[in-house]
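The opening residue of the sequence shown carries number 1 in this note's numbering; numbering runs sequentially from there. Here is the structure we will look at.
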Amino acid sequence: MNAGRVLVVDDEEIARENLAHALARAGYEAQAVGDARTALAELARKPYELLLTDLKLGDRSDADGIGLMERARKLHPALEVVVMTGYATIPGAVDAMNRGAFSYLAKPLNLDEVRALAAKAIEKSRLRQEVQELRQRLRDRNAPPLLVGKSPAMAALLKTIARVAPTASTVLLLGETGTGKELVARTVHQQSQRAARRFLAVNCGAFSEELLAGELFGHEKGAYTGATERKAGLFEAADGGTLFLDEVGEMTPAMQVRLLRVLQERKLMRVGGTADIPVDVRVIAATNKDLAVEAEAGTFRLDLFYRLNVITLRLPALGERREDIPLLSRHFLVKYSDALGREVRELSPEALALLLAYPFPGNIRELENLMERAVVLCDGGVVEPAHLPPDLRQGQSQLRTTRHGGLATLEENERQHMLWVLEQCEGNKTRAAEVLGIDRASLWRKLKRAGLS
Numbered sequence: 001m002n003a004g005r006v007l008v009v010d011d012e013e014i015a016r017e018n019l020a021h022a023l024a025r026a027g028y029e030a031q032a033v034g035d036a037r038t039a040l041a042e043l044a045r046k047p048y049e050l051l052l053t054d055l056k057l058g059d060r061s062d063a064d065g066i067g068l069m070e071r072a073r074k075l076h077p078a079l080e081v082v083v084m085t086g087y088a089t090i091p092g093a094v095d096a097m098n099r100g101a102f103s104y105l106a107k108p109l110n111l112d113e114v115r116a117l118a119a120k121a122i123e124k125s126r127l128r129q130e131v132q133e134l135r136q137r138l139r140d141r142n143a144p145p146l147l148v149g150k151s152p153a154m155a156a157l158l159k160t161i162a163r164v165a166p167t168a169s170t171v172l173l174l175g176e177t178g179t180g181k182e183l184v185a186r187t188v189h190q191q192s193q194r195a196a197r198r199f200l201a202v203n204c205g206a207f208s209e210e211l212l213a214g215e216l217f218g219h220e221k222g223a224y225t226g227a228t229e230r231k232a233g234l235f236e237a238a239d240g241g242t243l244f245l246d247e248v249g250e251m252t253p254a255m256q257v258r259l260l261r262v263l264q265e266r267k268l269m270r271v272g273g274t275a276d277i278p279v280d281v282r283v284i285a286a287t288n289k290d291l292a293v294e295a296e297a298g299t300f301r302l303d304l305f306y307r308l309n310v311i312t313l314r315l316p317a318l319g320e321r322r323e324d325i326p327l328l329s330r331h332f333l334v335k336y337s338d339a340l341g342r343e344v345r346e347l348s349p350e351a352l353a354l355l356l357a358y359p360f361p362g363n364i365r366e367l368e369n370l371m372e373r374a375v376v377l378c379d380g381g382v383v384e385p386a387h388l389p390p391d392l393r394q395g396q397s398q399l400r401t402t403r404h405g406g407l408a409t410l411e412e413n414e415r416q417h418m419l420w421v422l423e424q425c426e427g428n429k430t431r432a433a434e435v436l437g438i439d440r441a442s443l444w445r446k447l448k449r450a451g452l453s
């Protein structure tokens, strides 16, 4: 662990850079900026432990260190603040301390005094952070469970999570889109020893290689076009906590190499950087791909697969836990009723029957979307079939029997429903995927599996 993270704010460039360099030589991770706006942006990107700010920033009357301190504390309640002043303003320094500043320094600065005061302030900041983390851990223990369900499939999953969560092992979540992989990851974090620290999530398939590298590992100023300031990545921000990597199978080979190094060595290098930065982060990864097959085909690194595949949790599709549909439906009705100020709490027997007969290719995410829609459209307190989408109501008569007249299997129901949705969307797969509550890649795989690609 470094001596501490310090943000220096001073409108005099030479003064702030000299102070930051002096702190860096003493073992601190120090960053220097010239105004309150840039300071707040930097604080939003990274959790600092000490804000060392000039009492007067520029010529504007509102550009003062006290105002910055109050706004910075809203971002990071554990942050300690030391105010610097070159003016004969003892009352101003006292006012700053009355408003929560740790102490003040008079210019010209004595570097020995700065270092000693920084050490004391950061020690207090870390103590404050520990207290906050303990309080958060107590709140999490008393919080309602994130995962809803009483089916055998869910009972088995929850039992496995309870055994896995207290360990430090990497976890790989496998399951279809919409099965709740991020909620499972949050539950593992919530039940772990890291529960009081940060849980951060990123969709690896949503970024280009360059942007994902900056997002995960951070970048130095000027590392690439648009990198106008130094930025800490998610691994640094999640230090001591958990980082959830969704769609990890979408990573390029170069990104797979960088991730493997972090998992093996517990340190990283920012994009454009030259120094290794130690990190202590538990990684939970998720994918709807078969990474073993991808590794055999050479599209996913075998050594990375082994690193991620320490503990594997397979999430059941909603079709495998249909007995949870009534409980999940009511859970979402309450959630969106509370959010929208409504009193929709129940499903009519007819509406529930429609849901139980529906294949849900979009899994829990699709069910949640249906319940949100029902709350918006429902005038009373009970959801009726009329509050469900027309395609769900009209499609049931088609979904109950096979093309040969017999009772339909779940696979046949899903196949027919996908065909029907594609027909309604005039063959537009992107729109069909949105209607089904899944992404386009998942729809393509389902169509291929059903022989419809």
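In this text, a Cβ means the ideal position worked out from N, Cα and C, and glycines have one as well.
A check of alpha carbon separations from P166 across K159, K181, S192 and T179 identifies S192 as the nearest. Inter-residue distance for L308 and L172 is about 6 Å (C-alpha atoms, whole angstroms).
As the crow flies, the alpha-carbon of L105 is around 14 Å from that of R16. As DSSP reads the structure, E80 sits in a beta bridge with L50.
P326 is classed as exposed because its beta carbon has fewer than 16 other beta carbons within 10 Å across all chains shown.
In this chain, the beta strand (DSSP E) harbouring T242 covers T242 to D246. Non-local beta-carbon contacts of G362 in its own chain, meaning distances under 6 Å to residues more than five positions away in sequence, involve G178, L436, G437 and I438 in chain order. When the alpha-carbon of V262 is set against those of D303, I66 and E12, the nearest one is in D303. By the Cβ neighbour-count rule, D64 is buried, with 16 or more other Cβ atoms within 10 Å of its own.
Burial state of P77 is exposed, judged by a 10 Å Cβ sphere holding fewer than 16 other Cβ atoms. Residues H387 of the same chain have their beta carbon placed closer than 7 Å to that of L377, with the five preceding and five following residues left out of the count. Between L355 and L370, the C-beta spacing is below 9 Å. Taking A237 as reference, the option from Y224, P253 and F217 with the minimal CA-CA separation is F217.
Counted as a single uninterrupted DSSP element, the stretch harbouring I284 is not any alpha helix (DSSP H) but the beta strand (DSSP E) occupying residues R282 to T287. When DSSP states are grouped into helix, strand and coil, D112 belongs to the helix group.
In its chain, beyond the 5 residues on either side, V9, A36, A39, L40, L51, T53 and L57 have a beta carbon closer than 8 Å to the beta carbon of L68. By the criterion of a C-beta distance shorter than 7 Å, R266 is surrounded in its chain by P278, V279 and D280, once the five residues flanking it on both sides are discounted. Comparing alpha-carbon positions, the option among A162, E294 and A22 lying closest to A116 turns out to be A22. Taking 8 Å as the upper bound for CB-CB distance, L157 and L313 are in contact here, some 7 Å apart.
A straight-line Cα-Cα distance of about 17 Å links K221 and A44.
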